[in-house]
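A.B. asks:
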Amino acid sequence: ARTKKRSTSNKRKKSHSRTVLEDDENTLVRMLNERAASDRDVLISKEQYDELKLANSKLKEAKARANLAENQLAELQLEHSQLTKENKKTKAELNSLQKQHEHDQVLIKELKLSTSKHNKELEEKEASRNAQQKQQAKALAKLRSSLADIEKLMNYRAISAKRHLNKATRVLTQHQRQLEDQALPKPTKNQFSKNLSELKEYFESVLEVLTNQEPEDYNQDAYCEQLEIENKRLQEEMTQLKESENITSKYKQTIERMREQIQVLKNRLSDLQSDENSKKEIEEKDNKISMLEKENELLNQHINYLQSSLNEQAGVIDHLKSVISSFSASPKASNGSYYIDSPKQPQDDYEEDQLRKEIDTLDDEIQQLQSSLQRALATHC
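Printed below as a string of structure tokens:
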């Protein structure tokens, strides 16, 4: 088919946002409307046919870009969902660690309070034990002083008893001699001699005891009982001291275990606080999520741009369809051809049918692309 050729400007070649310029579109519509209103047959020029082909190729490119963008969006959504799950898991782990840290802090406070309480109790018991030891030392010193006094008294009494017994022995000897010299009846004399001999033997036995034994062996009953009572009391106090020492050692062991537990908790807390790898991984994940969000925004802008471009192209094609419809309503020439500038240039019906098919194909592709973009937007939102 022969068509009228004319040159296109550099501005039309450089235009990427719109397929057909508004001036050319208006000119084309006005010209076709004028031709349709007249009785003359109308033909579409080759330039307009080339522009339709260019629009078709642009639309196919836009569809390919939209499909690529949809695939990229699906991949980004999958990666974003995975990162979201990892982020939730990491946040859950951080929350768990935070709760464990708070629980450890509570345990540390409780252990500190318990340790301070036990320390106070130990200090009080230590002070009480020291006071008891001082009292016992004073009692022992007092008891030793009393024993020394008793020893002195017993020595004095032993010496005095020896002196008196010696004197009594001498007196008895003198009385015995005097009785022997006196003229008394023999039975009486024998009885007195016997009594004096018994007294003398008794005194001699007492002197022998006082001479052979040490003074401390002569313990009076009252002092012996007092010493036994004091000894029992000291033994009971020593038993109590041993029990208190055992309890103190148990408290010390408990405190040592508590200190070890506190140290373990402190080490665990320091490990958690000094875990830079976890912090770096979390920061990297946050940065990746923010980067994906930015890419998502850019992708939304690109999709909106494609949507607006498709809407513009759909408007242009709708205008062209209305123009083609007006062509169909206009009367044909006797040879079944249309004319634009010169009635001498025929255009076959086959070319018109091909143009209609291409326009319908473009319309279907635009609708499919719009539905695909709408699905992508719905899935993305």
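Per full-length UniProt numbering, the very first residue in the sequence shown carries number 1; after that it's consecutive.
For glycine and all other residues, C-beta sits at the position ideal for the given N, C-alpha and C.
Given the structure is predicted, the values throughout are model-derived calculations rather than measurements.
Quick one: what does DSSP say residue 45 is sitting in, helix, strand or coil?
C.D. replies: Here residue 45 sits in coil by DSSP.
A.B. asks: Report the three-state DSSP secondary structure of residue 334 (helix, strand or coil).
C.D. replies: Note on residue 334: pLDDT 38, under 50, position unreliable in the model; the coordinate value appears next. DSSP places residue 334 in coil when its eight states are reduced to three.
A.B. asks: Less than 8 Å separating the beta-carbons of residue 258 and residue 111?
C.D. replies: Result yes, Cβ atoms of residue 258 and residue 111 sit closer than 8 Å.
A.B. asks: Using the Cα positions of residue 54 and residue 69, report the straight-line distance between them to the nearest angstrom.
C.D. replies: Their backbone Cα atoms lie some 22 Å apart in a straight line.
A.B. asks: Tell whether a beta-carbon distance below 8 Å holds between residue 292 and residue 79.
C.D. replies: For residue 292 and residue 79, yes; Cβs fall inside 8 Å.
A.B. asks: On the premise that residue 118 lies in contact with residue 255, defined as a C-beta separation below 8 Å, what is that separation, rounded to the nearest angstrom?
C.D. replies: Going by Cβ atoms, the distance from residue 255 to residue 118 rounds to 6 Å, so yes, they are a contact pair.
A.B. asks: Quick one: what does DSSP say residue 368 is sitting in, helix, strand or coil?
C.D. replies: In the structure shown, residue 368 sits in a helix (DSSP, three-state: H, G or I).
A.B. asks: Can you have a look at residue 107 and say buried or exposed, based on whether 16 or more other CB atoms are within 10 angstroms of its CB?
C.D. replies: When all chains shown are included, residue 107 counts as exposed.
A.B. asks: At the level of alpha carbons, what is the spacing between residue 261 and residue 113?
C.D. replies: Near 14 Å, if we compare the C-alpha coordinates of residue 113 and residue 261.
A.B. asks: I want to check one thing, is the minimum distance from the CB of residue 82 to the heavy atoms of the ligand MG below 7 Å?
C.D. replies: No copy of the ligand MG appears in this structure; indeed no ligand is present at all.
A.B. asks: If you draw a straight line from the C-alpha of residue 239 to the C-alpha of residue 232, how long is it?
C.D. replies: Roughly 10 Å between the two C-alpha positions.
A.B. asks: Counting beta carbon pairs with one atom in the stretch 156-175 and one in the stretch 128-144, are three or more of them shorter than 8 Å?
C.D. replies: No contact exists between the stretch 128-144 and the stretch 156-175.
A.B. asks: With a threshold of 16 other CB atoms inside 10 Å of the CB of residue 366, please say whether the residue is buried or exposed.
C.D. replies: Flag for residue 366 reads buried.
A.B. asks: When we look at the beta-carbon of residue 362 and count the other beta-carbons within 10 Å, is it buried (16 or more) or exposed?
C.D. replies: Per the 10 Å Cβ criterion, buried.
A.B. asks: As a quick exercise: from 115, 137 and 204, pick the residue whose alpha carbon is nearest that of residue 252.
C.D. replies: Among 115, 137 and 204, the Cα nearest to that of residue 252 belongs to 115.
A.B. asks: Return the Cβ separation of residue 289 and residue 87 in integer angstroms, given the expectation that the two are a contact with Cβ distance under 8 Å.
C.D. replies: Going by Cβ atoms, the distance from residue 289 to residue 87 rounds to 6 Å, so yes, they are a contact pair.
A.B. asks: Is residue 51 buried or exposed, if buried means 16 or more other CB atoms sit within 10 Å of its CB?
C.D. replies: Buried, since its Cβ has 16 or more Cβ neighbours within 10 Å.
A.B. asks: Return the CA-CA distance between residue 122 and residue 137, expressed in angstroms with no decimal places.
C.D. replies: Near 22 Å, if we compare the C-alpha coordinates of residue 137 and residue 122.
A.B. asks: For residue 48, count neighbouring Cβ atoms within 10 angstroms of its own Cβ and tell me buried if that reaches 16, exposed if not.
C.D. replies: Buried, by the Cβ-count rule.
A.B. asks: Nearest CA to the CA of residue 263: which residue from 124, 229, 60 and 105?
C.D. replies: Nearest of 124, 229, 60 and 105 to residue 263, Cα basis: 105.
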